[in-house]
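Heads up, the thing below is written out as structure tokens.
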């Protein structure tokens, strides 16, 4: 029998020991701390929805980075930071008499039950796609919910994520390719249209056709169950590692990148690639 590392066993023991009551107690402690900070700390007392918004965005991206790196310790830390912001906004809402953390939780619970009739009701949905289709239809029926299919896509989403969500929502109401291989004809079509505009050197049309090409590639990624944002970030990180190797190797030679020929840089780049960077 294989032996588990002591730290792993400690983590498991901690998880087993955390009963529902202990979890509720921990959450209650967080709420008590938030109440006290809001009264006694000048910085916390000064914050508003508007002043916290940019910090919330930053904390969310830091959580995303930890998730991409599968860094459990940092995932735990960043989840705590995001949770702090949720509790903070709920506290501000309570002070305004608009809502509190209880009404936030109640509203979420009601929504989850309503949108999962295959779990809490009699509707049958035995595949992920059926669940997603039901979800979109229920959102359209909700009082105060989305009036149109694409209304639920936040305008502030990053463009790649937004394109993926738009396409996903359209798919859930049946607007999609019959066969996923058909998307490659569309990719080729958009690529040819881009090339034609590049030949004409029409800056506005080139940008428009670049957008169409990106959109079709994101569509292809979706159809082949590839997350385009994750895929691009992997490439970003790969480029950073290889470029850092190139830069450090150049410094060790007592030179700067500007003094290097493209051929020399390519050679170092291939070294980095061969090292698995």
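Numbering (this note's numbering), first residue to last: -17 to 259. Ideal placement from N, C-alpha and C gives every residue a C-beta, glycine not left out. Treat the numbers as computed from the prediction; the structure is a model and nothing was measured.
Taking 4 residues as the shortest admissible run, the stretch -8 to 68 contains the following complete alpha helix (DSSP H) segments, listed from N- to C-terminal end: 2 to 22, 24 to 28 and 31 to 50. Going by DSSP, residue 109 is part of no alpha helix (DSSP H) at all; its letter is neither H nor E. In the structure shown, the three-state DSSP call for residue 205 is helix. Fully enclosed beta strand (DSSP E) runs of no fewer than 3 residues are not present anywhere in the stretch 167 to 213. The residues 211, in chain order, have a CB closer than 6 Å to that of residue 143 in the same chain once the five nearest residues on each side in sequence are set aside.
In this structure, residue 72 sits near residue 82, with a CB-CB distance shorter than 8 Å.
In this structure, DSSP gives residue 157 a state outside helix and strand, which the three-state scheme calls coil.
Beyond the five residues adjoining it in sequence on each side, residue 180 comes within less than 7 Å, by CB distance, of 188 in the same chain, given in chain order. Distance between residue 137 and residue 148, taken at the CA atoms: about 11 Å. Residue 59 has its alpha-carbon roughly 26 Å from the corresponding atom of residue 76.
For residue 113, the secondary structure class from DSSP, reduced to helix, strand or coil, is helix.
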